[in-house]
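Residue numbers (UniProt numbering): 1 to 85. To keep things clear, I will list the structure first and then write my remarks on it.
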Amino acid sequence: MVEFTHVVQGRAGLHARPVAEICSFAGSYDGKITLAFSGQTVSTTDVMGVMGLGARQGDELRFSVEGPDEQSTADRLRAKLESCL
1 MVEFTHVVQG RAGLHARPVA EICSFAGSYD GKITLAFSGQ TVSTTDVMGV MGLGARQGDE
61 LRFSVEGPDE QSTADRLRAK LESCL
């Protein structure tokens, strides 16, 4: 398992566009990617679950990647987050 954190940079927080990108990325991965925030953990393939976290600008999100090619998948996800969130 590979874990990393990401601080939400965008003023709008965790809104529809970045959630759609995160969920699309996770849906194409053969393993499991989870997102933890404020005591809740959700699958990143669950659009409503991710949206329901309600993370805002400045909040820290914790991602966990489990499965094949964990490190490279985590690196690609981190790059996607930096470009959209």
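Backbone N, C-alpha and C fix where the C-beta goes; we use that ideal spot for every residue, glycine too. Just so we're clear, the structure is a prediction, and the values are computed from it rather than from any experiment.
Could you tell me if residue i is buried or exposed, where buried requires 16 or more neighbouring beta carbons within 10 angstroms of its beta carbon?
| i | result |
| --- | --- |
| V19 | buried |
| V8 | buried |
| T44 | buried |
| T73 | buried |
| A55 | buried |
| A26 | buried |
| T34 | buried |
(request) Taking only runs that begin and end inside the UniProt region "Disordered" (66-85), name each unbroken alpha helix (DSSP H) of 4 or more residues, in chain order. (result) As far as the UniProt region "Disordered" (66-85) is concerned, its whole alpha helix (DSSP H) runs of at least 4 residues are 70-84.
(request) List in chain order: all unbroken beta strand (DSSP E) runs of 3+ residues lying wholly within the region 12-63. (result) Entirely contained in the region 12-63, the beta strand (DSSP E) runs reaching 3 residues are, in chain order, 32-37 and 40-43.
(message) Count Cβ pairs between the region 35-42 and the region 66-81 that sit closer than 8 Å; are there 3 or more?
(response) Result no; under three Cβ-Cβ pairs closer than 8 Å.
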